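J.: First to last, the sequence lines map onto chains G and S. Residue numbering for the first sequence follows full-length UniProt numbering, beginning at 1 and increasing consecutively. Residue numbering for the second sequence follows full-length UniProt numbering, beginning at 1 and increasing consecutively. Here you go, one structure.
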Amino acid sequence: MYGGAQTQREVPIIWDTRDPYLKPKPIHRKTNITVKFTDLYGFTVEGNVDDVNVLNEVRERVRQQGKAWWELEASKGANWYLQPKISSISEVAVSNLKISVLANTLALNRLIRKGIPPVLRPKVWLSVSGAAKKRSTVPESYYDDLIKAVEGKVTPATRQIDHDLPRTFPGHPWLDTPEGHASLRRVLVAYSFRDSDVGYCQGLNYVAALLLLVMKTEEDAFWMLAVLLENVLVNDCYTDNLSGCHVEQRVFKDLLAKKCPRIASHLESMDFDVSLVATEWFLCLFSKSLPSETTMRVWDVLFNEGAKVLFRVALAIFKMKEEQLLVTHQIGDVISILQSATHHLFDPDELLTVAFDKIGSMTTNAITKQRKKQEPAVMAELDQRLRRLNSLKEEK
Amino acid sequence: MATTGINYIPAKLVLLGEMGTGKSSLVLRFVKGQFFDYQESTIGAAFFTQTLAVNETTAKFEIWDTAGQERYHSLAPMYYRGAAAAIVVYDISNTDSFTRAKKWVEELRQHGNPNMVIALAGNKADLVDNKQVEAEVAQTYAQDNGLLFLETSAKTAQGVNELFLEIARRLPKANPTQPSRMIVVDRSSERLVSTSYYCC
Numbered sequence: 001m002y003g004g005a006q007t008q009r010e011v012p013i014i015w016d017t018r019d020p021y022l023k024p025k026p027i028h029r030k031t032n033i034t035v036k037f038t039d040l041y042g043f044t045v046e047g048n049v050d051d052v053n054v055l056n057e058v059r060e061r062v063r064q065q066g067k068a069w070w071e072l073e074a075s076k077g078a079n080w081y082l083q084p085k086i087s088s089i090s091e092v093a094v095s096n097l098k099i100s101v102l103a104n105t106l107a108l109n110r111l112i113r114k115g116i117p118p119v120l121r122p123k124v125w126l127s128v129s130g131a132a133k134k135r136s137t138v139p140e141s142y143y144d145d146l147i148k149a150v151e152g153k154v155t156p157a158t159r160q161i162d163h164d165l166p167r168t169f170p171g172h173p174w175l176d177t178p179e180g181h182a183s184l185r186r187v188l189v190a191y192s193f194r195d196s197d198v199g200y201c202q203g204l205n206y207v208a209a210l211l212l213l214v215m216k217t218e219e220d221a222f223w224m225l226a227v228l229l230e231n232v233l234v235n236d237c238y239t240d241n242l243s244g245c246h247v248e249q250r251v252f253k254d255l256l257a258k259k260c261p262r263i264a265s266h267l268e269s270m271d272f273d274v275s276l277v278a279t280e281w282f283l284c285l286f287s288k289s290l291p292s293e294t295t296m297r298v299w300d301v302l303f304n305e306g307a308k309v310l311f312r313v314a315l316a317i318f319k320m321k322e323e324q325l326l327v328t329h330q331i332g333d334v335i336s337i338l339q340s341a342t343h344h345l346f347d348p349d350e351l352l353t354v355a356f357d358k359i360g361s362m363t364t365n366a367i368t369k370q371r372k373k374q375e376p377a378v379m380a381e382l383d384q385r386l387r388r389l390n391s392l393k394e395e396k
Numbered sequence: 001m002a003t004t005g006i007n008y009i010p011a012k013l014v015l016l017g018e019m020g021t022g023k024s025s026l027v028l029r030f031v032k033g034q035f036f037d038y039q040e041s042t043i044g045a046a047f048f049t050q051t052l053a054v055n056e057t058t059a060k061f062e063i064w065d066t067a068g069q070e071r072y073h074s075l076a077p078m079y080y081r082g083a084a085a086a087i088v089v090y091d092i093s094n095t096d097s098f099t100r101a102k103k104w105v106e107e108l109r110q111h112g113n114p115n116m117v118i119a120l121a122g123n124k125a126d127l128v129d130n131k132q133v134e135a136e137v138a139q140t141y142a143q144d145n146g147l148l149f150l151e152t153s154a155k156t157a158q159g160v161n162e163l164f165l166e167i168a169r170r171l172p173k174a175n176p177t178q179p180s181r182m183i184v185v186d187r188s189s190e191r192l193v194s195t196s197y198y199c200c
């Protein structure tokens, strides 16, 4: 099944993002029945006619946004966005960077929040995330060498990866083909050898699959995965006991209580732990919950601004459904509301406007402090669980 | 469907077991009557509801279908906390998954709700040619530990409704006087009332 791998990975994934506007059949305009359609990244989506209209509007906006990028390229020069940028305004005081660099950074941040045109995503993501820099520190043949070195090796991670390949977005027209499986396998297996602490964690299959669809080449997808796990996200999100993920969930609960106190106290009165829904959001970076272009827009900002973006997006989802959530009495209803909200968020701007304009300030420093505060509690809880499980073994 | 006079028993139910034993498939078979050869891998957990009428009462299952990979087990307490029932799933063609199932049973006995109804499901019963775990072995283990035991196949639907039905019969609290083996049920007295599902 994976034979011929060496030649396959050189071939960029052909993915046509310029498909025509969606045109629901006339009969669907009269009724509110569900229609199935294929989105920008080849996923089959179910929605009503309103959803199709929203998606067409979004496509038009993507086109307009593309124009904005080309115009800037014309005035600022090709690849202006690949220049070094200032990571925070406070750096300005201590740096001798030119005003033009600052202006470019601010313009780029604004532009990225409005969305990177799909064709530019590979280049811009590699640059703003630091993946290109990461790759430049190792020999050019790094990925090829790694693939060759690990070929044919069997580890618990490779067995789990093999198990998950056909279970990663089954039915997708490219991912669910022998070539798609082989590409995804190489990226995941290569990474499992690069970082044996992570090895393979379920959830990464969805992340890597979407990275492949966007980046078009395996090597670029691999470096994006590497920078994501090693630099963008907090440490240990995917390692043996998911401790980083536990930390993020606790920070998120505190943020919800602060930013959406009415929802937080209502859910608490129902004994509803928000981690029940948010864990998957954070581990799959929304790829299993949001429509693909909306997920990509979240990732645009994630790669440019860092992991705190995930908090903003998760808070925004709750905030958008505040009134509905406040009248729920059952856990099933809460989940149903959030589920349906995320599945129908075809308009990325609707989500990102709430995430960035309606949540209030959230500084990196404050988040870092929160994480530091939660870490000992998480470690204590995980240790305690381990001890309990070990004592079970001894009793036997 | 008329619901007057029906005594609804809400019941949180959690599925636990090693990766790829078919937890999601069992739920999907029970809730939607469907089966897919390749079921998307579950991250965190997926939530489903299903009501099941048994004689005069109706159990309203709130089902948490959890992720199977070992590192996800640190999340499990969040899902089994307060659960009235648990289905611990192993794959009859995989001995390791049976070993893991026994560990889950121990954990639930120690840290779960003391009245929890625990069922052991030997799934993929259709894979008779690759069978590694004999039903007798699992049955003996189940009897020794007071578990309900059934071999199931989400693929062929064998044992799936019976499994949930038998759990429903034992709600709201486990009755130790009942035999732990499967009872042949009178299908006329049961029906699936309503279905909804969400995966999250």
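A virtual CB, placed ideally from N, CA and C, is assigned to each residue, including glycine. Keep in mind the model is a prediction, meaning the values are calculated, not measured.
What distance in whole Å lies between the Cβ atoms of residue 60/S and residue 51/S, which are believed to be in contact at a cut-off of 8 Å?
T.: That pair is a contact at about 5 Å.
J.: Alpha carbon to alpha carbon, how far is residue 49/G from residue 92/S?
T.: Using only the alpha carbons, I get a separation of about 46 Å.
J.: How long is the line joining the alpha carbons of residue 193/G and residue 223/G, rounded to whole angstroms?
T.: Their Cα atoms are separated by approximately 14 Å.
J.: Is there contact between the stretch 110-125 of chain S and the stretch 136-148 of chain S, where contact requires at least three CB pairs shorter than 8 Å?
T.: The stretch 110-125 of chain S vs the stretch 136-148 of chain S: in contact.
J.: Count the other CB atoms, across all protein chains shown, that sit within 10 Å of the CB of residue 99/G; report buried if there are 16 or more and exposed otherwise.
T.: Result: exposed.
J.: Scan the stretch 92-126 of chain S and note each continuous beta strand (DSSP E) run of 3 residues or more that stays entirely inside, going in chain order.
T.: Within the stretch 92-126 of chain S, the complete beta strand (DSSP E) runs of at least 3 residues are 117-123.
J.: Under 9 Å, do residue 23/S and residue 105/S count as touching if we go by C-beta distance?
T.: No, the pair does not count as a contact, with Cβ atoms beyond the cut-off.
J.: Any heavy atom of the ligand MG within a distance shorter than 8 Å of the CB on residue 181/G?
T.: Because no ligand of any kind appears in the structure shown, any question about the ligand MG cannot be addressed here.
J.: Can you give the Cα-Cα distance for residue 230/G and residue 155/S, rounded to whole angstroms?
T.: Near 40 Å, if we compare the C-alpha coordinates of residue 155/S and residue 230/G.
J.: Which partner residues of residue 36/G appear in the DSSP bridge assignment?
T.: Answer is 46/G, bridged to residue 36/G.
J.: Taking Cβ-Cβ distances shorter than 7 Å, what residues in chain G pair up with residue 62/S?
T.: Chain G residues near residue 62/S: 331 and 332.
J.: Answer yes or no: does any C-beta atom of chain G fall closer than 9 Å to that of residue 126/S?
T.: No, because no Cβ of chain G sits closer than 9 Å to the Cβ of residue 126/S.
J.: Hey, how far is the Cα of residue 55/G from the Cα of residue 348/G?
T.: Whole-angstrom Cα-Cα distance: 10 Å.
J.: Enumerate in chain order the residues of its own chain whose CB-to-CB distance from residue 168/S is below 7 Å, with the five nearest sequence positions on each side excluded.
T.: For residue 168/S, where only same-chain residues beyond five positions count, the Cβ hits under 7 Å are 52, 54 and 59.
J.: Whose C-alpha, out of 148/G, 45/G, 120/G and 333/G, is nearest the C-alpha of residue 79/G?
T.: When only C-alpha atoms are compared, the closest one is 120/G.
J.: Which residues of chain S have a Cβ atom closer than 8 Å to the Cβ of residue 104/G, listed in chain order?
T.: Going along chain S, no residue has its Cβ under 8 Å from residue 104/G, so there is no contact; the nearest lies around 38 Å.
J.: At a Cβ cut of 9 Å, what residues of the stretch 233-246 of chain G count as close to chain S, listed as they run along the chain?
T.: Listed in sequence order: 238, 239, 240, 241, 242, 243, 245 and 246.
J.: Below 7 Å between beta carbons is the criterion; list the residues of the stretch 10-21 of chain S that meet it against any residue of chain G, in chain order.
T.: Hits within the stretch, in order: 19 and 20.
J.: Could you give the C-beta distance for residue 47/S and residue 64/S, rounded to a whole number, given that I count them as a contact under 8 Å?
T.: Right, their Cβ atoms sit about 6 Å apart.
J.: Look at residue 144/G and residue 346/G and say whether their C-beta atoms are less than 9 Å apart.
T.: The answer is no: Cβ separation not under 9 Å.
J.: Quick one: Cα of residue 227/G to Cα of residue 36/G, how far?
T.: Approximately 35 Å, taken between the alpha carbons.
J.: Comparing C-alpha positions only, which one of 57/S, 12/S and 71/S sits nearest to residue 237/G?
T.: Minimum Cα distance to residue 237/G is reached at 71/S.
J.: Roughly how many angstroms separate the alpha carbons of residue 315/G and residue 254/G, rounded to a whole number?
T.: The alpha-carbon atoms of residue 315/G and residue 254/G are separated by roughly 11 Å.
J.: Determine whether the Cβ of residue 268/S lies closer than 9 Å to any Cβ atom of chain G.
T.: Past the edges of chain S, shown from 1 to 200, lies residue 268/S, and the structure says nothing about it.
J.: Within the 9 Å Cβ cut-off, does residue 8/S reach chain G?
T.: No - not a single Cβ of chain G is within 9 Å of the one on residue 8/S.
J.: Which one or two residues does DSSP pair with residue 12/S in a beta bridge?
T.: Looking at the DSSP assignment, residue 12/S forms a beta bridge with 62/S.
J.: Are any of the Cβ atoms in chain G nearer than 9 Å to that of residue 83/S?
T.: No, residue 83/S does not count as interfacial toward chain G.
J.: Would you tell me roughly how many angstroms separate the C-alpha atoms of residue 300/G and residue 62/G, rounded to the nearest one?
T.: Roughly 13 Å between the two C-alpha positions.
J.: On the DSSP bridge assignment, give the partners of residue 143/G in chain order.
T.: According to DSSP, which records beta bridges pairwise, residue 143/G is partnered with nothing at all.
J.: Quick check on residue 327/G: does DSSP put it in helix, strand or coil?
T.: Reduced to three states, the DSSP call for residue 327/G is coil.
J.: Please list the segments of the alpha helix (DSSP H) lying wholly inside the stretch 280-305 of chain G, counting only runs of 4 or more residues, in order along the chain.
T.: Correct list: 292-305.
J.: Going by C-alpha to C-alpha distance, which of 319/G, 125/G and 201/G sits closest to residue 82/G?
T.: Closest by alpha carbon: 125/G.
J.: If you measure between the beta carbons of residue 310/G and residue 343/G, is that distance less than 9 Å?
T.: It is not a contact, given that the beta carbons lie outside the stated cut-off.
J.: Closest by CA to residue 233/G, which one among 306/G, 71/G and 265/G?
T.: Among 306/G, 71/G and 265/G, the Cα nearest to that of residue 233/G is on 306/G.
J.: Going by alpha carbons, who is nearest to residue 174/G out of 263/G, 42/G and 361/G?
T.: The candidate whose alpha carbon is nearest that of residue 174/G is 42/G.
J.: Exposed or buried, which one is residue 370/G when buried takes at least 16 other CB atoms within 10 Å?
T.: With 16 or more other Cβ atoms within 10 Å, it is buried.
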